[in-house]
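Residue numbers for the sequence shown follow the UniProt record's numbering, so the first one is 1 and each next one is one higher.
Note that beta-carbon positions come from the ideal geometry of N, C-alpha and C, so glycine has one too.
Below: the structure, in C-alpha coordinates.
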Amino acid sequence: MPVPTSKRRNKSVPGRRHRRRRSGVATVEFAVCLPILILLVFGSIEASSMIFLKQSLNVAAYESTREAIRDGRSNADAAARAQAILDSRGIVGYRITFPNGESLDADRAAEVITSVTASSAENSPLLGRFLTNRQLTVNTVMLKQ
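Now the structure itself:
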(Lines of atoms letter the chains of each structure in order from A and count residues from 1; the text may use other names and numbers.)
(Lines give C-alpha, C1' and ligand atoms only; values in the text may rest on other atoms or scores of the structure.)
Protein backbone atom coordinates (compact mmCIF):
# COMPACT_ATOMS: atom_id res chain seq x y z
CA MET A 1 0.00 0.00 0.00
CA PRO A 2 1.44 3.32 -1.00
CA VAL A 3 2.18 5.83 1.72
CA PRO A 4 -0.02 8.92 1.39
CA THR A 5 1.96 12.02 0.70
CA SER A 6 1.01 15.35 2.07
CA LYS A 7 -0.51 17.76 -0.36
CA ARG A 8 1.43 20.53 1.31
CA ARG A 9 4.76 18.92 0.53
CA ASN A 10 4.09 18.97 -3.15
CA LYS A 11 3.27 22.66 -3.20
CA SER A 12 5.88 25.31 -2.75
CA VAL A 13 5.89 27.19 0.55
CA PRO A 14 3.77 30.32 0.20
CA GLY A 15 5.78 33.55 0.20
CA ARG A 16 9.12 31.94 -0.58
CA ARG A 17 9.21 33.34 -4.08
CA HIS A 18 8.25 36.78 -2.69
CA ARG A 19 11.16 36.68 -0.24
CA ARG A 20 13.66 36.02 -2.99
CA ARG A 21 12.60 39.14 -4.85
CA ARG A 22 12.93 41.33 -1.72
CA SER A 23 16.28 40.03 -0.48
CA GLY A 24 18.17 43.31 -1.11
CA VAL A 25 15.49 45.71 0.08
CA ALA A 26 16.61 45.63 3.73
CA THR A 27 20.17 46.44 2.71
CA VAL A 28 19.07 49.39 0.61
CA GLU A 29 16.79 50.68 3.38
CA PHE A 30 19.66 50.38 5.85
CA ALA A 31 22.02 52.23 3.49
CA VAL A 32 19.49 55.05 3.11
CA CYS A 33 18.50 55.32 6.78
CA LEU A 34 21.92 54.91 8.44
CA PRO A 35 23.32 58.34 7.45
CA ILE A 36 20.13 59.99 8.66
CA LEU A 37 20.30 58.16 11.99
CA ILE A 38 23.98 59.02 12.42
CA LEU A 39 23.23 62.66 11.64
CA LEU A 40 20.46 62.70 14.25
CA VAL A 41 22.63 61.09 16.92
CA PHE A 42 25.66 63.32 16.38
CA GLY A 43 23.46 66.39 15.97
CA SER A 44 21.78 65.65 19.29
CA ILE A 45 25.13 65.23 21.02
CA GLU A 46 26.43 68.46 19.51
CA ALA A 47 23.27 70.41 20.40
CA SER A 48 23.29 69.19 24.00
CA SER A 49 26.97 70.09 24.26
CA MET A 50 26.26 73.66 23.10
CA ILE A 51 23.35 73.94 25.55
CA PHE A 52 25.70 72.78 28.32
CA LEU A 53 28.32 75.34 27.25
CA LYS A 54 25.81 78.20 27.20
CA GLN A 55 24.41 77.19 30.60
CA SER A 56 27.93 76.94 32.06
CA LEU A 57 28.72 80.44 30.82
CA ASN A 58 25.47 81.71 32.36
CA VAL A 59 26.27 80.17 35.73
CA ALA A 60 29.86 81.45 35.69
CA ALA A 61 28.81 84.99 34.75
CA TYR A 62 26.08 85.04 37.40
CA GLU A 63 28.32 83.74 40.18
CA SER A 64 31.15 86.05 39.14
CA THR A 65 28.88 89.09 39.23
CA ARG A 66 27.45 88.02 42.60
CA GLU A 67 31.01 87.92 43.91
CA ALA A 68 31.92 91.28 42.34
CA ILE A 69 28.97 93.20 43.83
CA ARG A 70 29.79 92.22 47.40
CA ASP A 71 31.39 94.93 49.47
CA GLY A 72 35.18 94.72 49.50
CA ARG A 73 35.46 92.28 46.58
CA SER A 74 37.52 93.00 43.47
CA ASN A 75 37.38 91.84 39.88
CA ALA A 76 40.15 89.34 40.66
CA ASP A 77 37.93 87.66 43.27
CA ALA A 78 35.05 87.55 40.81
CA ALA A 79 37.23 86.20 38.00
CA ALA A 80 38.60 83.49 40.31
CA ARG A 81 35.02 82.44 41.12
CA ALA A 82 34.12 82.21 37.41
CA GLN A 83 37.34 80.34 36.61
CA ALA A 84 36.62 77.78 39.32
CA ILE A 85 33.16 77.11 37.88
CA LEU A 86 34.32 76.91 34.27
CA ASP A 87 37.29 74.70 35.11
CA SER A 88 35.12 72.32 37.14
CA ARG A 89 32.80 71.95 34.13
CA GLY A 90 35.65 71.35 31.69
CA ILE A 91 35.18 74.55 29.68
CA VAL A 92 38.35 75.67 27.87
CA GLY A 93 39.37 78.79 25.96
CA TYR A 94 37.17 81.18 27.93
CA ARG A 95 37.63 84.90 28.59
CA ILE A 96 36.23 86.82 31.58
CA THR A 97 35.98 90.60 31.33
CA PHE A 98 34.47 93.44 33.34
CA PRO A 99 33.43 96.17 30.87
CA ASN A 100 32.61 98.72 33.61
CA GLY A 101 36.06 98.57 35.16
CA GLU A 102 37.08 97.60 38.68
CA SER A 103 34.13 96.63 40.85
CA LEU A 104 36.04 97.49 44.03
CA ASP A 105 35.97 101.17 43.00
CA ALA A 106 32.27 101.19 42.02
CA ASP A 107 29.83 103.23 44.10
CA ARG A 108 26.89 101.66 45.86
CA ALA A 109 23.99 100.90 43.43
CA ALA A 110 26.32 101.26 40.42
CA GLU A 111 26.04 98.64 37.69
CA VAL A 112 28.62 95.86 37.72
CA ILE A 113 28.82 93.98 34.43
CA THR A 114 30.54 90.64 33.89
CA SER A 115 31.11 89.22 30.42
CA VAL A 116 32.12 85.59 29.90
CA THR A 117 33.04 84.38 26.40
CA ALA A 118 34.01 80.94 25.11
CA SER A 119 34.60 79.36 21.72
CA SER A 120 32.15 76.73 20.49
CA ALA A 121 34.81 74.91 18.45
CA GLU A 122 37.16 74.39 21.38
CA ASN A 123 34.35 73.07 23.58
CA SER A 124 32.71 70.76 21.05
CA PRO A 125 33.14 67.04 21.74
CA LEU A 126 32.65 65.84 18.15
CA LEU A 127 32.19 68.18 15.24
CA GLY A 128 33.64 71.48 16.45
CA ARG A 129 36.56 71.35 14.06
CA PHE A 130 34.25 70.95 11.08
CA LEU A 131 31.52 73.47 11.94
CA THR A 132 31.65 77.25 11.99
CA ASN A 133 33.31 78.54 15.15
CA ARG A 134 31.03 80.79 17.17
CA GLN A 135 31.95 82.90 20.15
CA LEU A 136 29.29 82.46 22.82
CA THR A 137 29.09 85.47 25.13
CA VAL A 138 27.04 85.96 28.29
CA ASN A 139 26.70 89.32 30.02
CA THR A 140 25.35 89.69 33.55
CA VAL A 141 24.44 93.03 35.12
CA MET A 142 23.83 93.58 38.83
CA LEU A 143 23.88 96.56 41.17
CA LYS A 144 26.74 97.02 43.64
CA GLN A 145 25.75 96.37 47.25
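By the Cβ neighbour-count rule, N133 is exposed, with fewer than 16 other Cβ atoms within 10 Å of its own. Of E122, L104, F130, the smallest CA-CA separation from T65 is found for L104. In this structure, the alpha-carbon of F130 lies about 45 Å from that of D71. A distance below 6 Å between beta-carbons, with the five flanking residues on each side excluded, links A60 to the following residues of its chain, in chain order: A82, I85, L86, V116. When C-alpha distances from R89 are compared across A31, L37, I51, the shortest belongs to I51.
For R95, there is no enclosing alpha helix (DSSP H); the residue is part of the beta strand (DSSP E) that begins and ends at 94–97. Between L53 and the set G43, Y94, V32, the nearest pair of CA atoms involves Y94. Listed as beta-bridge partners of M142 by DSSP are V112.
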